[in-house]
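Protein chains in written order, with our numbering: chain X, 230 to 506; chain E, 63 to 379. In what follows, a structure is listed as structure tokens, so that the remarks can point back to it.
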């Protein structure tokens, strides 16, 4: 073999070794695929069991998220919701069935929570930001099942998480609740979820203004966050916000009265949980 | 390595480097272009090493000639000129749509500071700050320039003096930026925690705000864009007067509303910062009215003129 060819073979072998080493650093989880993307100005992650090509699955997920964004976003002028908000005669505006249902659900939760969750936080136009991400999580899980037959998956959009099936270890999916570094040193609670979802509301990230719809002011209380565990991430998303606005005493009472599984994390690192019977 | 192989390899690598180099100059910053250019560059270095090895005898002879010295001086001189950036070089560089991922440039010229920041090719900002009567070009004051949203949250620091002590001389800006960096680390910690703890996911409150300054500054939706503020804090250490052992820094501000676009706006003084401690003993900095006890500090800055050139966007970002 000539000298040049020997060098090429060595370079090729070195390249293969590098690729092998890199591939060994990838997360294990035999039979589970994983991809990430961006939607609703946040990151999303999807993990699922099976051998479906991740590129194909991600394309379908991105299309679904874009469809929901076009329907319910308040950050784009041309969304169905914004056009509805601007309509001179809302009664004659033909809402799509999905958006109509979502608005109806938001109104129901508003009534249930005594206005702690509101679809009109500033009293004006409808804003579904407090429920849309949860809705998107539910729709993506449905899409994975409907289009690809995936029944073991975890979908996380900006911290709203739905876990279906047994997970990589066969005992469900392990989902932690975030604790900001201001109370670092406390072990963050972790949940083992199977066929349910969790949504969290809190004010520890910059710009995460949670307004009390009844006072119109930023919520100030002793809570770091409230997490709601519910089969519907649509409901969990809205209820987490509502319970955060209510605060500990009222929120815990409401969770008890309405049989809602909720975890209240406090500024001092402690927590209180209500688990329905 | 065989000459034929080396020559062919160098030719192919050269073409790749030439194409990606031109793309890197004329097109907006793209990480893929830089990646290809860099990695091909490493292979090119290897190939050139073989070329030198194959032709060492001839090259050694060339290097001994006077022309080699002349060429070396020309190359060194050319690099020095490019680094110096006289107007002709700047004119050529202005043809580039990409001067690297940081779209900002700062110039200091006597009493005048000129800061340019282009968050997008069609949205170019220029802040011209003129020193006042109390401004000493030999001992320039501490200056910080930053952008915040309407709620007073720091978006991006455009410039700050780097002399020792800038944190205490520019406390208002420093506090804002520290808070911003803390929240940014929270975001990063979220992903690290997920990886480190072998959790499948972490449920958290969603970060509502992007960390990309362009998302706040560059207009995207005429009806939804929120105004932002351009801020300056300026301070001359040791400027005592009858009321202050050291006069505090002063903060200037102007609100930019892309829904009511103006090309020229002048920053106005908004106050001097004072630290306060809340019930939880966290320190916050608030701005207070600049009263008659502030004397020469007012004369550090003569004017600060913001100019924003807005063109039609060329396409999706």
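Cβ coordinates follow ideal geometry from the N, Cα and C atoms, glycine included.
{"query": "Residue 351 (chain E), buried or exposed, once every other Cβ within 10 Å from all chains shown has been counted against 16", "result": "exposed"}
{"query": "Where the alpha helix (DSSP H) through residue 83 (chain E) begins and ends", "result": "65 to 88"}
{"query": "Beta-carbon proximity list for residue 239 (chain E), same chain, < 6 Å, skipping 5 on both sides", "result": "216, 219"}
{"query": "Burial state of residue 239 (chain X) (16 or more Cβ within 10 Å)", "result": "exposed"}
{"query": "Own chain partners of residue 173 (chain E) with C-beta closer than 7 Å, once the 5 adjacent residues on each side are dropped", "result": "192, 193, 197, 199"}
{"query": "Paired residues, beta bridge with residue 402 (chain X) - DSSP", "result": "X:422"}
{"query": "Rounded separation between residue 308 (chain E) and residue 479 (chain X) - CA only", "result": "50 Å"}
{"query": "Chain E contact residues for residue 385 (chain X), given Cβ-Cβ distances below 7 Å", "result": "263"}
{"query": "Candidates E:328, E:332, E:317, of which the one nearest residue 431 (chain E) by Cα", "result": "A question about residue 431 (chain E) goes unanswered here, because the residues of chain E that appear run from 63 up to 379."}
{"query": "Member of X:237, X:260, X:269 whose CA lies at the smallest distance from the CA of residue 105 (chain E)", "result": "X:237"}
{"query": "Residue 338 (chain E) - DSSP class collapsed to helix/strand/coil", "result": "strand"}
{"query": "Cβ shell of residue 256 (chain X) (< 8 Å), same chain only, five flanking positions each side left out", "result": "With a pLDDT of 46 at residue 256 (chain X), under the threshold of 50, the modelled position of this residue cannot be trusted; read the value that follows with caution. Excluding sequence neighbours, residue 256 (chain X) sits near 263."}
{"query": "Reference residue 330 (chain X), options X:307, X:361, X:314, closest by Cα", "result": "X:361"}
{"query": "Residue 396 (chain X) at chain E interface by Cβ criterion, 8 Å", "result": "yes"}
{"query": "Within-8 Å CB hit, residue 437 (chain X) to chain E", "result": "Note that residue 437 (chain X) scores a pLDDT of 40, beneath 50, so its modelled location is shaky; the value from the coordinates is reported in the next line. Chain E, which has a Cβ nearer than 8 Å to the Cβ of residue 437 (chain X), makes this yes."}
{"query": "Closer than 8 Å to chain E by CB, residue 472 (chain X)", "result": "no"}
{"query": "Residue 494 (chain X) versus residue 339 (chain X): straight-line alpha-carbon distance, rounded", "result": "23 Å"}
{"query": "Which of helix, strand or coil DSSP assigns to residue 296 (chain X)", "result": "helix"}
{"query": "First through last residue of the beta strand (DSSP E) which encompasses residue 523 (chain X)", "result": "The first residue shown for chain X is 230 and the last is 506, placing residue 523 (chain X) beyond what the model contains."}
{"query": "Same chain, Cβ closer than 6 Å to residue 82 (chain E), five either side skipped, listed in chain order", "result": "95, 98, 99"}
{"query": "Environment of residue 213 (chain E) [buried if 16+ CB atoms lie within 10 Å]", "result": "exposed"}
{"query": "Interface residues of the stretch 350 to 369 of chain X facing chain E [CB-CB below 9 Å]", "result": "358, 362"}
{"query": "Backbone CA spacing between residue 306 (chain X) and residue 298 (chain X) [nearest angstrom]", "result": "11 Å"}
{"query": "Candidates X:386, X:395, X:427, of which the one nearest residue 404 (chain X) by Cα", "result": "X:427"}
{"query": "Neighbourhood of residue 195 (chain E) by C-beta distance below 6 Å, restricted to the same chain and skipping five residues each side", "result": "361"}
{"query": "Distance, residue 207 (chain E) Cα to residue 399 (chain X) Cα", "result": "54 Å"}
{"query": "DSSP bridge partner residues for residue 278 (chain X) (one or two, in chain order)", "result": "X:261"}
{"query": "Residue 461 (chain X) vs residue 430 (chain X) beta-carbon contact at 8 Å", "result": "no"}
{"query": "Interface residues of chain X facing residue 67 (chain E) [CB-CB closer than 7 Å]", "result": "233"}
{"query": "Proximal chain A residues relative to residue 454 (chain X), where beta-carbon distance stays under 8 Å", "result": "The chain inventory of the structure shown lacks chain A, comprising the protein chains X and E."}
{"query": "Opposing strand residues paired with residue 349 (chain X) [DSSP bridges]", "result": "Bridge partners of residue 349 (chain X): none, in fact."}
{"query": "Proximal residues of chain E, C-beta to C-beta of residue 490 (chain X) below 7 Å", "result": "By Cβ distance, chain E contributes nothing, its closest Cβ being about 13 Å from residue 490 (chain X), past 7 Å."}
{"query": "Reduced DSSP secondary structure (H/G/I, E/B, other) of residue 381 (chain X)", "result": "coil"}
{"query": "Boundaries of the alpha helix (DSSP H) in which residue 462 (chain X) is found, first to last residue", "result": "462 to 475"}
{"query": "Residue 162 (chain E) classed as buried or exposed, judged by whether at least 16 other C-beta atoms fall within 10 angstroms", "result": "Reliability of the predicted coordinates at residue 162 (chain E) is poor, the pLDDT of 48 falling under 50, and the value obtained from them is presented with this limitation in mind. Flag for residue 162 (chain E) reads exposed."}
{"query": "Assumed close pair residue 387 (chain X), residue 301 (chain X) - CB separation to whole angstroms, cut-off 8 Å", "result": "Their Cβ separation, rounded to whole angstroms, is 14 Å, which puts residue 387 (chain X) and residue 301 (chain X) out of contact at 8 Å."}
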